[in-house]
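Student: Sending over a structure as structure tokens; questions will come in a sec.
Chains as they are written, first to last, in my numbering: chain A, 1 to 216; chain B, 217 to 704.
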């Protein structure tokens, strides 16, 4: 159960409606890209979906939500705090277990930063921080991925590497993207948002980047 | 200018202080004040480190009491901080921190006697209340986002350890280190009520006119505080905390009968004990109010207001001493030394010294409070001006001071000043023990006369007054939209 069917989604800021009312149904196996101008309401929609589907989803928010004082390992490990007893988590804070160390190291390797396992998060670059938040979401391993511009700070080849990784690991996802080519390549359904409403909803095979550019 | 609320508030406080000054008892009553002051300074520059072996023991005890008291305070304060949202906890913490360390010591002395527990609790209890408040403020400021992103079903302890503590850790550590420095000062002045710390030996040397011994003690104390970064190391901390309890000294054994008597007899208002009923209690309370509480409150408030404004003026005068916008490295270094000395000396010791030299009046108290607190605030805003970049063609000299710097730092200056308002009042009350007619004087005399019931009521009144000033200070700070970091 990783798809969802939500209706009557609305959000307002300071009395002004920024989203909806709209309905959104995502089936299992759909990898949805949310596209649209900045300020169209993509981030708000991701937040709304996250609130409604409960927390049974892996979220990568735009602000990342990293604990800056902790090393990369612990920030990723936080994705599975619910699977271990308190004593195990507390001990891991001081001296992580080797099984967790090797699995998180492998994950970071897949994201192209294996050497950063023990680096404090505060001293990472923007792109590295983004990948730590992605690693945490992958490690969390929920059925649904909700990600808000997860590769905005990554250069070309790295962005492809990470998107590929996300596509492989999450069968169902909703990802806000401003890069139209990435959206077409790594998602099978494109939803265009304009002024808080769904302006486009189509399978990606049936779209070209020119169709999407009409939204901007 | 007068349209600025900060300026109007400052002028109002200045006016109150001027009126207060008219009522305050400001005088130098000693026959030869300047000669005594001269002798004292002569003593400081000719320190005698070898007069008695008691000096090193006193230093050791001072450090030991500070470590045990601050460690316990930080431990309990941390757990109180976790439940600080509950208003009974807030009130409890506000109450225990509104009572000065010396008052706590005077209370515990009555039933634990000169047992080390008296000194330890006198520091640990008020510090718990302070730590609870500041730790909870630091924890509240932590970024809530990582906590929201944790998988559902994460245990509360794990969530706290991973998503809250790490981001607060550095700030909590800095604050605790700052409090350790305060703890050393508190520990030193506990000697004035008879505990075996520096204050005890300072008082003894002073009363015998041994200014060189007193000077040696003060110099050792400054060195102790100035070298904190060298000898307080994270790795050594467990050694200190675990070792300190063994260096508190033996003291005298606790007589448990005294403890019981204190709670069941001593602090019960005497009319109730003697069966005089409600009317007896009313007239007892009335007498206490008119003869002791009201004069005590009046003098405490007057002295606080005068000292507060004097602190502000001194802080504004002293911050250029360490500001890199003025003068050269030589003057700044000596400015630093002066400010470190002024803020490392507890108000109580400064007031004690000045009272010995000038005779009893409010003047030594005002100068002591203003020097100590003014140096603290002057240091903080002076450091702040070092972060200000002026345009290359900015005016220099007094024009730079009055046009470029003071307007820029004035708001944070006021924030610090109002933050310290409550601290100044707490100290003002306690200075009464030295013979100025503030609340502490009446508390101390009640204890001397073995009227613990009256002393307790007066201490409660003092605590209430502090809580009131704290609330008023917070109200003014929020009205003027002033912010401070807790480390002041």
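Just so it is clear, CB atoms sit at the ideal spot from N, CA and C, and this is done for glycine as well.
From 150/A, 60/A, 104/A and 97/A, pick the residue whose C-alpha is nearest to that of residue 76/A; which is it?
Tutor: Among 150/A, 60/A, 104/A and 97/A, the Cα nearest to that of residue 76/A belongs to 104/A.
Student: What does DSSP give as the partner residues of residue 194/A in its beta bridges?
Tutor: BP columns for residue 194/A point to 197/A.
Student: How would you write the range of the alpha helix (DSSP H) that residue 211/A sits in, first residue to last?
Tutor: Taken as a continuous stretch (DSSP letters only), the alpha helix (DSSP H) holding residue 211/A covers 209 to 213.
Student: Under a three-way DSSP split, which group does residue 415/B fall into?
Tutor: The answer is helix: DSSP assigns residue 415/B an H, G or I state.
Student: Identify each residue in the region 358 to 389 of chain B for which the Cβ-Cβ distance to at least one residue of chain A is less than 8 Å, and report them in chain order.
Tutor: Residues passing the 8 Å Cβ filter: 359, 361, 362, 364, 365, 366, 367, 368, 369, 370, 371, 373, 374, 375, 377, 378, 379, 382, 383, 385 and 386.
Student: Using 8 Å as the threshold, is the C-beta distance between residue 180/A and residue 35/A below it?
Tutor: In this structure, residue 35/A lies closer than 8 Å to residue 180/A by Cβ.
Student: Measuring only between beta-carbons, confirm whether residue 221/A sits less than 8 Å from chain B.
Tutor: In the structure as shown, chain A starts at 1 and stops at 216, and residue 221/A therefore has no counterpart that could be examined.
Student: Quick one, which residues of the region 148 to 168 of chain A are near chain B if we go by CB-CB under 9 Å, in chain order?
Tutor: Listed by position, the residues of the region 148 to 168 of chain A near chain B (Cβ gap below 9 Å) amount to none.
Student: Just tell me which of 141/A, 24/A and 136/A has its CA closest to the CA of residue 201/A.
Tutor: Here the closest residue by C-alpha is 24/A.
Student: Once the 5 residues before and after residue 47/A are set aside, which same chain residues still bring their CB inside 6 Å of it?
Tutor: Within the same chain, residue 47/A has no close Cβ partners at all.
Student: Measure how close the beta-carbons of residue 573/B and residue 359/B come, nearest whole angstrom, since I'm counting them as under 8 Å.
Tutor: The Cβ separation is near 53 Å, so there is no contact.
Student: Report yes or no: is there a C-beta of chain B within less than 8 Å of the C-beta of residue 79/A?
Tutor: Chain B contact via Cβ: present.
Student: Check whether the Cβ atoms of residue 681/B and residue 513/B sit closer than 8 Å, and answer yes or no.
Tutor: It is a contact, given that the beta carbons lie within the stated cut-off.
Student: Where residue 7/A and residue 220/B are concerned, what is the direct C-alpha to C-alpha distance, given to the nearest angstrom?
Tutor: About 52 Å.
Student: Applying a beta-carbon distance threshold of less than 8 Å, which residues of chain B neighbour residue 63/A?
Tutor: The answer, in chain order, is 361.
Student: What do you get for residue 688/B, buried or exposed, if any count of 16 or more other CB atoms within 10 angstroms of its CB means buried?
Tutor: With fewer than 16 other Cβ atoms within 10 Å, it is exposed.
Student: Leaving out the 5 sequence neighbours to the left and right, which residues in its chain are closer than 6 Å to residue 149/A when beta-carbon positions are compared?
Tutor: If we look at residue 149/A and ignore the five residues flanking it on each side, its Cβ neighbours are 62 and 176.
Student: Based on the DSSP output, what are the partners of residue 50/A in its beta bridges?
Tutor: The partner list for residue 50/A (beta bridge, DSSP) is empty, contrary to what the question assumes.
Student: Do three or more CB pairs link the region 429 to 446 of chain B to the region 482 to 496 of chain B at distances below 8 Å?
Tutor: No: fewer than three Cβ pairs fall under 8 Å.
Student: According to DSSP, which residues form a beta bridge with residue 171/B?
Tutor: Residue numbering for chain B in the displayed model covers 217 to 704; residue 171/B lies beyond these limits and cannot be assessed.
Student: Spatial neighbours of residue 288/B within its chain, please: CB distance less than 6 Å, with the 5 preceding and 5 following residues excluded, ordered by chain position.
Tutor: Taken in chain order, the residues that qualify are 340.
Student: Between the alpha carbons of residue 256/B and residue 641/B, how many angstroms are there, rounded?
Tutor: Going from the Cα of residue 256/B to the Cα of residue 641/B covers about 28 Å.
Student: Tell me the DSSP secondary structure of residue 521/B in three-state form.
Tutor: The answer is helix: DSSP assigns residue 521/B an H, G or I state.
Student: Determine the chain B residues that contact residue 32/A at a beta-carbon separation under 7 Å, and present them in chain order.
Tutor: Near residue 32/A there are no residues of chain B at all, since even the closest Cβ is about 21 Å away, more than 7 Å.
Student: Once you ignore the five residues that flank residue 558/B on each side, which residues in its own chain have a CB closer than 7 Å to its CB?
Tutor: Closer than 7 Å at the Cβ level, and outside the excluded window around residue 558/B, lie 587, 588 and 591.
Student: Within the chosen definition, does the region 271 to 291 of chain B reach the region 409 to 424 of chain B through at least 3 CB pairs nearer than 8 Å?
Tutor: Verdict: yes, contact present.
Student: Does the region 239 to 248 of chain B touch the region 559 to 570 of chain B, meaning 3 or more C-beta pairs lie closer than 8 Å?
Tutor: Too few Cβ pairs lie closer than 8 Å, so no.
Student: Taking Cβ positions only, does residue 91/A come closer than 8 Å to chain B?
Tutor: Closer than 8 Å: no.
Student: Counting only Cβ pairs nearer than 8 Å, list the residues of chain B close to residue 140/A.
Tutor: Ordered by position in chain B, the residues that pass the 8 Å Cβ test against residue 140/A are 367.
Student: Which chain B residues are close to residue 67/A, counting only those with a beta carbon under 7 Å from its beta carbon?
Tutor: Under the 7 Å cutoff, chain B gives 362, 378, 379, 382 and 383.
Student: Where does residue 424/B land, buried or exposed, given buried means 16+ other C-beta within 10 angstroms?
Tutor: By the 10 Å Cβ count, residue 424/B comes out exposed.
Student: Given a threshold of 16 other Cβ atoms within 10 Å of its Cβ, counted over all protein chains shown, does residue 439/B qualify as buried or as exposed?
Tutor: The residue in question, residue 439/B, is exposed, as its Cβ has fewer than 16 Cβ neighbours within 10 Å.
Student: Along the region 23 to 48 of chain A, what residues have a CB closer than 8 Å to any CB found in chain B?
Tutor: Cβ contacts with chain B come from no residue of the region 23 to 48 of chain A.
Student: Would you mind stating whether residue 170/A and residue 154/A have Cβ atoms separated by less than 8 Å?
Tutor: No, Cβ-Cβ distance for residue 170/A and residue 154/A is not below 8 Å.
Student: Quick one: using the 10 Å Cβ neighbour count with 16 as the cut-off for buried, is residue 531/B buried or exposed?
Tutor: Buried.
Student: Give the secondary structure of residue 424/B by DSSP, where H, G and I count as helix, E and B as strand, and everything else as coil.
Tutor: It is coil, neither helix nor strand.
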